[in-house]
Every structure is written in structure tokens, then in C-alpha cells.
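Below is one structure, written out as C-alpha cells; the observations come after it.
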Amino acid sequence: MLGDCFAALAMTFTLVLLVIPTAHAENPVIIIHAEGESSNETHPDGYHLTAKDLDHGLGAAIPQALNLLPGIHVDRTTGGGVSSLYIRGAEPNYGTVTLDGVEQNAPLNSRGGALNFSGMSTQGILEMRVLSGPRALRVTPSALSGIIELSSASQNLGDSLKLGTGYSRYENTWVEATASQGLPNGAASLAALAEEAGPFEDESEIRNGVVAGTLSVIEENGAGVTLSTRYTDRDTSAFPDDSGGAGFSVIREREVSDFSALSNSLEIRLPTRAGIDSRIAFHLYRERELVLSPGVAPGVRDPVGIPAFRTNNDFLRSELEAETIVNVASNVHIRTSVVLDREGGESSGVLSFDGAEVPVDFLETRTNGELLVETAYFSATGFRGFLGTWVISPESFADRLRPYAGVDYIFPKSNAGLLLGVGRGFKEPSLFALGHPIVGNPSLIPESSTSFELELRKGSSDGKIIGRVTTFANEFQNAIDLDEGPPPLLVNRDAITTRGVEASLDMAAGSMFRLRPSLTYVDADIDNSIERLRNRPRWQGSVLLQAQLSDAHRVSLEALHVGARLDSSIPTGDRNLPSYTKVDLNWSWRVSHVVELEVSVRNVFDERYEDFIGFQGPGVSPFVGLTAWL
Numbered sequence: 193m194l195g196d197c198f199a200a201l202a203m204t205f206t207l208v209l210l211v212i213p214t215a216h217a218e219n220p221v222i223i224i225h226a227e228g229e230s231s232n233e234t235h236p237d238g239y240h241l242t243a244k245d246l247d248h249g250l251g252a253a254i255p256q257a258l259n260l261l262p263g264i265h266v267d268r269t270t271g272g273g274v275s276s277l278y279i280r281g282a283e284p285n286y287g288t289v290t291l292d293g294v295e296q297n298a299p300l301n302s303r304g305g306a307l308n309f310s311g312m313s314t315q316g317i318l319e320m321r322v323l324s325g326p327r328a329l330r331v332t333p334s335a336l337s338g339i340i341e342l343s344s345a346s347q348n349l350g351d352s353l354k355l356g357t358g359y360s361r362y363e364n365t366w367v368e369a370t371a372s373q374g375l376p377n378g379a380a381s382l383a384a385l386a387e388e389a390g391p392f393e394d395e396s397e398i399r400n401g402v403v404a405g406t407l408s409v410i411e412e413n414g415a416g417v418t419l420s421t422r423y424t425d426r427d428t429s430a431f432p433d434d435s436g437g438a439g440f441s442v443i444r445e446r447e448v449s450d451f452s453a454l455s456n457s458l459e460i461r462l463p464t465r466a467g468i469d470s471r472i473a474f475h476l477y478r479e480r481e482l483v484l485s486p487g488v489a490p491g492v493r494d495p496v497g498i499p500a501f502r503t504n505n506d507f508l509r510s511e512l513e514a515e516t517i518v519n520v521a522s523n524v525h526i527r528t529s530v531v532l533d534r535e536g537g538e539s540s541g542v543l544s545f546d547g548a549e550v551p552v553d554f555l556e557t558r559t560n561g562e563l564l565v566e567t568a569y570f571s572a573t574g575f576r577g578f579l580g581t582w583v584i585s586p587e588s589f590a591d592r593l594r595p596y597a598g599v600d601y602i603f604p605k606s607n608a609g610l611l612l613g614v615g616r617g618f619k620e621p622s623l624f625a626l627g628h629p630i631v632g633n634p635s636l637i638p639e640s641s642t643s644f645e646l647e648l649r650k651g652s653s654d655g656k657i658i659g660r661v662t663t664f665a666n667e668f669q670n671a672i673d674l675d676e677g678p679p680p681l682l683v684n685r686d687a688i689t690t691r692g693v694e695a696s697l698d699m700a701a702g703s704m705f706r707l708r709p710s711l712t713y714v715d716a717d718i719d720n721s722i723e724r725l726r727n728r729p730r731w732q733g734s735v736l737l738q739a740q741l742s743d744a745h746r747v748s749l750e751a752l753h754v755g756a757r758l759d760s761s762i763p764t765g766d767r768n769l770p771s772y773t774k775v776d777l778n779w780s781w782r783v784s785h786v787v788e789l790e791v792s793v794r795n796v797f798d799e800r801y802e803d804f805i806g807f808q809g810p811g812v813s814p815f816v817g818l819t820a821w822l
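Be aware that the sequence shown starts at 193, since it is given in the numbering used here, and climbs by one per residue.
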């Protein structure tokens, strides 16, 4: 019944795309994203969200914004523990996340380098761009499923000082501050956040702190310098993954994590000369994490369980990038990029077996180089095409070529566009997978991907309605997975295949009203295996409704539906988790030109749901916040 409803909704999306009015549309719709305004969600180069789009009420986190986009699923968006990102049904570590160009994935962790989104705040973030499939390969060949690009720097900020504080259920308190200063040809900004929450329904807790700063100066000739830095300190306490959570865990102690990360970016843009644009960027990322785990008792799925352990990870990546764009003609440019990066880390720890401690220390470093050559063509008739190839030179593996190509055509007088993209990706095994003394395997070979997508876009003549339907297929070869053994060992498996359809609409009536529904269907399978992938809902849909009732009052409604999905825990074995629908409401009142009051209610209908077996999601949660501009 529910599948029939979704199928009907998908057909409705397609029909709407076909009947969106296009009368008198002589030219393609071109949308400019002004600073502070809401973006058009269906940007032809991915989903582009501004600071206004990311504003989901005080205390909001990035996973909330991501879950409203098609093709994206983020589990455990609230509370402590690990929160993972799935792009088009792929493994969490196949998605890359960058902040001002600095990669945030650390391949020293046991998740293959997948980023933990738990408590990842929007504080200080001005823009987010999401590229899935072949389009992500234009940025980096290691983004097998997609890339999330976060930006915190801008040269268009004015003078302001904003303070916010709030309180909600689950003893969630936070204080945040943002300051910006306009400069000649640029701007500087500072942002800070302190947050504490828990215990939640799943008995997890989190304490989170962020300090960030940016400086951006761009001259009229294109030359400029952009600096950004962001420090994150996060402490969490939660039942271990696969333990069955508060509902089934035999060992009642919590796993605690002390995490910190420092992300630095320096970008220098050279003056535009003779049609040549060049930039040089230096990126530095350091991550430290201490984890103390009580382990997981034996159960239905595993008669041995997971021993108690302690790990202390210290990871460092430095990267130098030089990019040049040569405009060989008014409609043809050639882009070249050279990337040199060195990454390494040290992990020290012990496993406890009946009082005996076994050391699990390892140290891994590597240096890699990448060269990109891309040719792009733009025509006045609405055709755009690009063809590029990455030449990858990893230290421990043979050189590889990874090509990609795409075409995008806007049909005359119709405001309809068709995009086709294909590409191949490359990802080295994580440092953990290669070096861990127990499950690590130095014989692992790199993972790779082949991606395809076909997209139809259509907009109304006035630009107030725009929608798209995208079909995609991805194959991930040599996927790395854990062979339970004995002995347990990370190995290369057969390919993982994902395929599906995304649909979205963006309807606006000026600045007073906006409706943004989306729908995703994903089918993910392991080739030549009856084993099912965990945490992959086939159906996911969302609706965002925003209304500016008056100059002083603004309301929004967010509804998220997550379909049934498979999960597994050691005490219970495999189980199917039921679907759920969660609704959030937010109301803001601009009391004066310097004070705003916000009231939010998350999970309005107190939906009972689990993202993992035994980990109960938060119930109805009122939020009250106050913001002041000084």
C-alpha cells in the first residue's frame, strides 16, 4: 500500500515537470544566489543551499538540512554516538565532505574514513553544495558516491554581531555567537558555539564546541586571499554500535569519545591575465580521538562479541593544490589541477580479553599525487559539455586513469534541461584497513566506482517553479568489508550496485512562501550475494514548507519519511526496522529590529522510531531560543 502511494507520488512529480508553464520563455532561467537569500534548490550543478536554507532553528545541525535533499539519508541526526551519511545508497565512507576545500574524512578511523556527523553544527556555515555521482568526480576522484562542500568564507558580509541562546527538552542548552566586519574588497568573520544535550531516549549524551574564523579579500582584477579556520571539540557518550542500545545491550556501560579537529585553509587567487585564472590552495586537517568502549557481550549474531577496548588516534593531512583555467575561446576553457597530499596517523590502543590486554598499535603514512585535465564547452544555444581525466599516482599502488564526461542541454523556449553524466572513481584502502594489527590487511587493493546519471529539469517562465527527476546507477568494485573469520580480516568483496530515482520540486511565491518536496527510491545490492545492506531505506521523502506571514513572523514545517530498512545487532541478529514519519515545526517572531524569539517543536506527533536496533529516537522536543543583534 505504501509503495503504491510512493509510486503515485513519483508519477505526480513527473507530470508536474511536464505541465510547468513555459509560455513566453525566450531564454533559459538563470538564477543568481545573492548573499543571505534563499537559493534555488535544484541548481544545475547540484543542490546549492545558502545560510538561509540551512537555518532550521536555533541548535540545528547539518544532518537536518541534508535529510531534506533527495538521494541523501543521514541516520541518527540527534544525540551522541555515530551519525552516518549515505549518498544514493552507497557506503558512508564513499561520500567525501569538505570545508572550504579541506577534506574532513579521516581514514584512520574504523569506519573506513567515513565522517561522523553527530553534532555537526551549521554555526558559521554560509553555503552547502551537494554533488552526487559523476558530478562529484569533477572535484575529486575519491568521492565515489558524492561530495558535500561546506563554505564558511565570503567577501560580501557586512558589519554585524549576533548572539543566540536556547533551551529544549533533554537538557539541551546552547549559546552561539557570530560577528562579521566588512573590509575594503572583503570581510572577516568569527563564530562560536557551545552546546550540551542529554541524556536522550537512547541514553546518549553530547557536548559540542565550535570556534571558527574567516578572512576574505578579493580585488577587482580577481586577485585575492581567503583564510579560514575551524576548531571542533566534541565529547559523546552512547551505547556502542551493534550493541542493541538501551533496549538490548547486556553491558550497560557507555562508550565514550573525546574528539577534536582543526581545519585550516589558505587560498590565493592570482590576477586574471590574458584569459587565464589561477589559484593556489593549502589545506591542513588534524583530527584526534580517544575512544573508551566497554565492548559488546556475545549474542545471537556473534557468539564471541566485541572485547572492551581503548584507542587513541592522531591523524594529520596536508594538501597543496594548484589550479589554472585557460579560456582558449569565449565558449571553451581548459582546466588543469595538480594536487599533492600527504596523510598519516598513529593509533595506539589495547583490547581487553578476560583481564589480559593485547596492544593494537599501528602507524601509517602515504603521499599521493593527482593531475586533472578537463575541457569544457559552452554554447549560446544552451549546450554545455565537459570531458576530464584524473591521472592518479598513489604511493603504494600503480598509477590509474579515471575519466568522466557530461553534457547538459537546455531546450530553447521551454526552460527544460537534460543532463547526462558518466564517470569512474578511485579510492585507496583506509589507513586503518591497511595497518590495523588484527583486522588490517596490507594486501587490500583500491576500491573503484562507475557512475551514471540522467536528469530532466524543468522550470516555469518566471522562475518560481523548478523541478527535476534524476535516474542513476552506480557500481562500486572491490568493496572492502570485514570477513568475520576466524580470524577476522578486512577483505575485498564483490561489487556493490545501487540504482534508483530522485525527484524534487522547488516552488516559491516571492519571499513570502516556499514549498520544497522531494522523493527518493534506492535499490542497493551486493553482487553474487544474498546478504542485504544495512540502513538503506528504499523509500525516503521529505517536505519543507516555509511562509513569511508578515515582516515579524515566519513559520516553517519539515516532514521526513524514512522507509523500512534492515539493521543488525549482536544480541538480536538481523531485524527489519519499520518506517517512520517525523514532523518538525518552527516559528520565529522578530520582536524588534534587534531581538528575535524562536519556538520549535521537533517530532511534533511524538513518533516512536529507531535508526538502529535498540536506539530509540528522541520524542517530542520543544525548543525555545532568543537571538539578539548588537
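Where is the CB? At the ideal position from N, CA and C, for every residue including glycine.
Check: At which residues does the beta strand (DSSP E) containing Gly577 begin and terminate?; Outcome: Phe575 to Ser585
Check: Considering only residues of the same chain and omitting the five flanking positions on each side of Leu832, which have a CB-CB separation below 7 Å?; Outcome: This structure cannot settle anything about residue 832, because the visible part of the chain is limited to 193 through 822.
Check: Leaving out the 5 sequence neighbours to the left and right, which residues in its chain are closer than 6 Å to Val550 when beta-carbon positions are compared?; Outcome: Leu543
Check: Please state whether the Cβ-Cβ distance between Arg361 and Arg399 is less than 9 Å.; Outcome: no
Check: What are the boundary residues of the beta strand (DSSP E) that includes Gln315?; Outcome: It is not in any beta strand (DSSP E) - Gln315 carries neither H nor E in the DSSP assignment.
Check: Within 10 Å of its beta-carbon, does Ala701 have 16 or more other beta-carbons around it, so buried, or fewer, so exposed?; Outcome: exposed
Check: Along the chain, where does the alpha helix (DSSP H) containing Phe624 start, and where does it finish?; Outcome: Leu623 to Gly627
Check: Between which residues of its own chain and Asp450 is the CB-CB distance below 6 Å, once the five residues before and five after are set aside?; Outcome: Asp427 and Leu482
Check: In this structure, what does DSSP give as the bridge partners for Tyr359?; Outcome: Thr365 and Val816
Check: What does Met320 pair with, by DSSP beta-bridge criteria?; Outcome: Leu241 and Leu342
Check: Do the CB positions of Pro262 and Val492 come within less than 9 Å of each other?; Outcome: no
Check: Assuming Gly617 and Ser640 form a contact by the criterion Cβ under 8 Å, report the distance between their Cβ atoms to the nearest whole angstrom.; Outcome: 6 Å
Check: Starting from Pro709, trace the alpha helix (DSSP H) in both directions and tell me its first and last residue.; Outcome: Pro709 -> not in any alpha helix (DSSP H); beta strand (DSSP E) instead, spanning Phe705 to Ile718.
Check: Measuring CA to CA, which of Ala253, Pro299, Val816 and Leu458 is closest to Glu479?; Outcome: Pro299
Check: Taking Arg708 as the reference, which of Ile658, Ala671, Val599 and Gln347 has the closest Cα?; Outcome: Ile658
Check: Return yes when the Cβ of Leu458 is within less than 9 Å of the Cβ of Val409, no when it is not.; Outcome: no
Check: Tell me, to the nearest whole angstrom, how far the beta carbon of Ala438 is from that of Thr421; I am working on the premise that it is less than 8 Å.; Outcome: Rounded, the Cβ-Cβ distance is 38 Å, inconsistent with contact.
Check: Counting pairs of Cβ atoms below 8 Å between the stretch 254-268 and the stretch 315-329, do you hit three or more?; Outcome: yes
Check: When the Cα of Phe392 is compared with those of Leu612, Thr819, Leu818 and Gly806, which residue comes out closest?; Outcome: Gly806
Check: From Pro432 to Pro499, what does the alpha carbon distance come to, in whole angstroms?; Outcome: 11 Å
Check: Could you check where the beta strand (DSSP E) with Gln738 kicks off and where it finishes?; Outcome: Trp731 to Gln740
Check: Just reading off the alpha helix (DSSP H) that Leu258 is part of, what are its end residues?; Outcome: Ile254 to Leu258
Check: Does the beta-carbon distance from Val787 to Ala820 come in below 9 Å?; Outcome: yes
Check: May I ask you to verify whether the stretch 710-719 touches the stretch 690-698, counting CB pairs closer than 8 Å and requiring at least 3?; Outcome: yes
Check: On the criterion of 16 or more Cβ atoms from any shown chain inside 10 Å, does Met312 qualify as buried, or is it exposed?; Outcome: buried
Check: Look at Val599 and Glu562 and say whether their C-beta atoms are less than 9 Å apart.; Outcome: no
Check: Name the two residues that bound the continuous beta strand (DSSP E) containing Gly765.; Outcome: Gly765 to Leu769
Check: Under 8 Å: do the stretch 719-731 and the stretch 741-752 share three or more Cβ pairs, one atom per stretch?; Outcome: no
Check: Which of the three DSSP states, helix, strand or coil, is assigned to Arg330?; Outcome: helix
Check: Ignoring anything shorter than 4 residues, give me the alpha helix (DSSP H) runs that lie fully in the stretch 416-469, in order along the chain.; Outcome: 437-440
Check: Tell me which same chain residues have a C-beta within less than 7 Å of the C-beta of Ala282, skipping the five on either side of it?; Outcome: Leu336, Ser337, Asn666, Phe668 and Thr690
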